Amino acid sequence: MAMTPLEELRHSCSHVLATALLRIFPDAKLDIGPPTDTGFYYDVDLDHKLTTEDLAKLEAEMKKIADENQPFLRKEVSRDEATEIIKRIGQERYKLGRLADIPADEKISFYQNGEFIDLCAGTHVRYTSKLKAFKLLSIAGAYHRGDEHNKQLQRIYGTAFPTKDELANYLTQLEQAKLRDHRKLGKDLKLFIVDEDVGQGLILWTPNGAIVRQELQTFISEELRKQGYAQVFTPHIGKLELYKTSGHFPYYKESQFSPIFENESLAKALAENCSCGEAFARLEALSANMRDQINTRTGKDTITADRVRPDDQLLDGFLLKPMNCPHHIKIYASQPHSYRDLPVRLAEFGTVYRWEQSGELNGMTRVRGFTQDDAHLFCTEEQVAAEMIGCLALVKVILTTLGMSDYRVRVGLRDPDSKKYTGDAANWDKAETACREAAKTLGVPFTEEPGEAAFYGPKIDFVIKDVIGREWQLGTVQVDYNLPVRFDLSYIGADNQPHRPVMIHRAPFGSMERFCGVLIEHFAGDFPAWLAPEQVRIVPISDKVADHARALLTKLKAEGLRATLDEHSDKLGAKIRRAELDKVPYTLVIGQKEAEANNVSVRSRARGDEGVIGSDAFIAKLKTEVATRALPARKAAA
RNA sequence: GCCAACAUAGCUCAGCUGGUAGAGCAACGCUUUCGUAAAGCGUGGGUCGUCGGUUCAAAUCCGACUGUUGGCUCCA
29 MAMTPLEELR HSCSHVLATA LLRIFPDAKL DIGPPTDTGF YYDVDLDHKL
79 TTEDLAKLEA EMKKIADENQ PFLRKEVSRD EATEIIKRIG QERYKLGRLA
129 DIPADEKISF YQNGEFIDLC AGTHVRYTSK LKAFKLLSIA GAYHRGDEHN
179 KQLQRIYGTA FPTKDELANY LTQLEQAKLR DHRKLGKDLK LFIVDEDVGQ
229 GLILWTPNGA IVRQELQTFI SEELRKQGYA QVFTPHIGKL ELYKTSGHFP
279 YYKESQFSPI FENESLAKAL AENCSCGEAF ARLEALSANM RDQINTRTGK
329 DTITADRVRP DDQLLDGFLL KPMNCPHHIK IYASQPHSYR DLPVRLAEFG
379 TVYRWEQSGE LNGMTRVRGF TQDDAHLFCT EEQVAAEMIG CLALVKVILT
429 TLGMSDYRVR VGLRDPDSKK YTGDAANWDK AETACREAAK TLGVPFTEEP
479 GEAAFYGPKI DFVIKDVIGR EWQLGTVQVD YNLPVRFDLS YIGADNQPHR
529 PVMIHRAPFG SMERFCGVLI EHFAGDFPAW LAPEQVRIVP ISDKVADHAR
579 ALLTKLKAEG LRATLDEHSD KLGAKIRRAE LDKVPYTLVI GQKEAEANNV
629 SVRSRARGDE GVIGSDAFIA KLKTEVATRA LPARKAAA
């Protein structure tokens with residue numbers, strides 16, 4: 029595949045970086061150095077721990093190499109010659125493996141610039157002097173071949189552009205992006221905190237953030253009522269047995285909080301001289317055993333769920349729920365269903381807990397406890413398509429209302445080579461077809477990605493990028509033919525015979541935490557009035573109108589608006605500045621003139637000074653803006 | 001979990017090679033009563049993330065731990 033000119037430029041930078049590396053650290057063992065979406069990197073195995081000072085040195089050396097104006101020369105060789113070259117330059121540690129990756133029918137080429145020669149398919153710019161605008165950015169650890177069992181190499185990240193202006197522009201953009209990072213804004217606008225003593229990845233929603241979340245929940249609840257969902261509530265824990273049946277316990281044990289054991293069960297285990305270590309070892313064996321049982325099943329629709337043999341019951345206990353499905357399934361299963369009842373749609377803002385690796389935690393976007401705007405639909409096979417479309421429509425309504433249009437849609441299919449999936453192939457095919465067909469109705473491009481399915485079924489995900497380009501899965505819709513089997517769910521059909529329902533799991537926001545994090549960045553903290561923690565701030569010009577201002581505050585609050593009054597003795601400019609920094613959508617300036625006429629001078633965060641209007645007229649206008657969940661109308665560019 | 005960097009007042013940060021802490025903003029008080037992004041003066045506020053070590057002496061050097069950040073791995 030040919031590289032774009034920009035990729036060519038960046039990839040050439042990788043080679044120049046490698047050239048500089050070997051000049052400064054001759055014993056460096058090189059792995060690979062490809063271009064990326066935003067720049068390039070090179071992975072290197074080096075005993076010396078690279079520092080930021082080294083980056084500066086390397087960058088200076090790269091500039092020298094660019095100035096030396098070395099030509100990039102391509103050389104095609106046989107496999108034996110390639111091996112010889114790699115040995116000659118002393119880079120056999122990784123390069124021989126990379127050479128072995130090249131299929132037998134493909135040409136093997138090296139690129140040489142100056143003294144440096146590298147196994148490489150290309151392509152490159154013609155001379156190093158073409159590299160005019162590059163910068164080394166950071167050093168990171170990266171496993172060889174992306175496998176955590178392999179040695180961790182040092183990865184040097186950099187970026188490059190055709191011109192210095194473009195590079196400077198990109199670096200400025202990075203700086204700008206940091207200003208709308210949800211972690212910074214979350215602190216500035218007092219939306220949420222994470223406390224060390226409460227625990228990593230556990231979000232404490234402070235009053236301002238709670239308002240945003242509550243408004244989002246209200247919004248989605250309204251939409252759910254329109255679509256015929258029933259609201260349920262379920263507890264935060266469930267017995268281990270429940271998750272053994274669902275398959276979550278054996279499959280995701282390592283990413284769950286440890287079980288909460290019953291006191292009696294623990295006491296019994298202790299009485300049997302079972303140490304904690306042994307108990308956990310037995311639990312470990314149990315989950316491994318469960319996995320094997322499931323994997324060796326032939327995939328027939330057995331109607332009966334997997335059961336744990338009684339002698340496997342070593343310790344009874346509960347699990348903090350890692351997902352809501354089993355609880356909702358039990359609600360469905362609690363009474364018989366006729367085909368006339370279907371679809372049954374059960375919704376809950378359900379809080380779940382997952383043991384994410386410490387290094388993966390990130391602000392609100394990757395946490396250990398989060399609340400899904402979850403729902404499970406139980407329907408007939410014939411209803412799947414329509415229900416899927418309904419779920420996707422809901423996601424679209426939400427994204428449209430919030431003005432989020434920059435996302436991609438991913439259809440996650442099973443990886444035919446992996447064993448992590450449960451259920452029979454025929455059902456998987458049906459489910460995957462249903463997903464594909466539903467995705468087509470979206471009217472936006474989507475990609476099909478094998479290996480992205482959940483263990484119980486394929487899914488459609490909405491993926492959005494954060495300010496620094498990281499992708500986050502938000503809304504998700506998943507078809508599931510498996511859990512209904514595992515829990516032996518049924519409904520009575522028109523033929524008076526029991527039938528197996530199909531489940532759809534869906535969460536339009538994904539999780540309230542992640543969604544709010546992304547939303548903060550999407551709006552850069554400038555929430556539309558309906559979401560803004562503080563919708564209106566009254567700014568009296570002097571104490572002389574304080575009584576009038578207080579009366580207005582009372583009135584705004586009585587009208588259900590989230591309003592505050594700035595009673596500081598600052599000058600107007602300072603109060604305006606404070607309101608702007610707090611990103612309040614509307615500031616009402618009240619002086620003698622306004623007080624006498626019962627007017628307000630409106631300053632909009634989005635549009636600036638909007639002039640004087642009667643206070644009742646303002647209230648009516650704002651209430652409409654809030655009720656319709658309008659996005660702030662920006663001032664037209666002059 | 002792994003690699004690396006970082007952790008000083010509510011916030012943003014200063015504190016060079018060791019001699020027990022400073023600024024701006026915020027808060028509070030007083031003065032000012034002001035027309036669309038910062039009025040003036042004053043006051044309070046920190047066992048320098050935690051624990052341990054080196055030293056006559058540690059915010060500063062070393063170690064462990066906790067947390068954060070950037071990556072890697074993972075993400076039902």
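Each residue of the first sequence is one higher than the one before, starting from 29 at the first, in our numbering.
Every residue, glycine too, gets a C-beta built ideally from N, C-alpha and C.
This one's a predicted model, so the numbers in the text were calculated from it and none came from an experiment.
Annotation: the continuous beta strand (DSSP E) that includes Thr592 extends over Ala591 to Leu593.
Annotation: the continuous alpha helix (DSSP H) that includes Arg107 extends over Arg107 to Arg116. Taken in chain order, the whole beta strand (DSSP E) runs of length 3 or more contained in the region 31–117 are 68–73 and 101–105. Straight through space, the alpha carbons of Arg154 and Pro99 are spaced by roughly 6 Å. Counting along the chain, the unbroken alpha helix (DSSP H) around Ala607 starts and ends at Leu600 to Leu609.
In this structure, the CA atom of His365 is about 6 Å from the CA atom of Ile520. Setting aside the 5 residues that flank it on each side, Ala466 is surrounded in the same chain by Ala413, Met416, Ile417, Leu420 and Ile488, each with a C-beta closer than 7 Å to its C-beta; the list follows chain order.
For Asp344, the CB contacts under 6 Å within the same chain, skipping 5 residues up- and downstream, are Glu290 and Ser293 in chain order. Our two residues, Asp108 and Cys148, have alpha carbons roughly 16 Å apart in a direct line.
Here DSSP, grouped into helix, strand and coil, assigns Met531 to strand. In chain order, Lys57 and Leu181 place their CB closer than 6 Å to the CB of Asp73, counting only its own chain and leaving out the 5 sequence neighbours on each side. Under the DSSP definition of a beta bridge, Phe138 partners with Lys103 and Leu147. Under the three-state reduction of DSSP output, Phe277 falls in the helix class. For the pair Ile265 and Leu348, the CB atoms are nearer than the 8 Å cut-off.
It is roughly 13 Å from the alpha-carbon of His210 to the alpha-carbon of Gly497. When the alpha-carbon of Phe483 is set against those of Pro444, Leu374 and Trp500, the nearest one is in Pro444. Setting aside the 5 residues that flank it on each side, Ala462 is surrounded in the same chain by Val412, Ala413, Met416 and Val507, each with a C-beta closer than 7 Å to its C-beta; the list follows chain order. Put simply, the region 384–398 touches the region 220–235. At least three CB pairs are less than 8 Å apart.
In the three-state DSSP reduction, Gly538 falls in the coil class, being neither helix nor strand. Listed in chain order, the alpha helix (DSSP H) elements of length 4 or more contained wholly in the region 469–551 are 511–514 and 540–551. By the neighbour-count criterion, in which 16 or more other beta carbons inside 10 Å mark a residue as buried, Asp523 falls on the exposed side.
Each residue's CA atom was taken as its position, placing Glu300 and His276 some 28 Å apart. In the three-state DSSP reduction, Asn197 falls in the helix class (H, G or I).
Beta bridge pairing from DSSP links Asn627 with Gly642. With a minimum length of 4 residues, the unbroken runs of alpha helix (DSSP H) contained wholly in the region 213–273 fall at 235–254. With a 10 Å radius around the Cβ and a threshold of 16 neighbouring Cβ atoms, Val472 comes out exposed. Contact between the region 531–547 and the region 234–248 is established, with three or more Cβ pairs separated by less than 8 Å. Between the region 634–648 and the region 575–585 there are three or more inter-stretch CB-CB distances shorter than 8 Å, so the stretches are counted as touching. Here Ser632 carries a strand assignment [DSSP, helix/strand/coil]. Pairwise C-beta distances place the region 358–378 in contact with the region 509–519, as three or more of them are shorter than 8 Å. The C-beta distance from Ala188 to Leu159 rounds to 7 Å, short enough to meet the 8 Å contact threshold. A buried status is given to Glu376, since no fewer than 16 other beta-carbon atoms sit within 10 Å of its beta-carbon. When the alpha-carbon of Val640 is set against those of Asp401, Ala625, Glu653 and Leu422, the nearest one is in Ala625.
Here the alpha carbons of Pro371 and Leu244 stand approximately 25 Å from one another.
Assignment of beta-bridge partners to Val437 by DSSP yields Phe474 and Phe490.
For Lys163, the uninterrupted beta strand (DSSP E) segment begins and ends at Ala161 to Tyr171.
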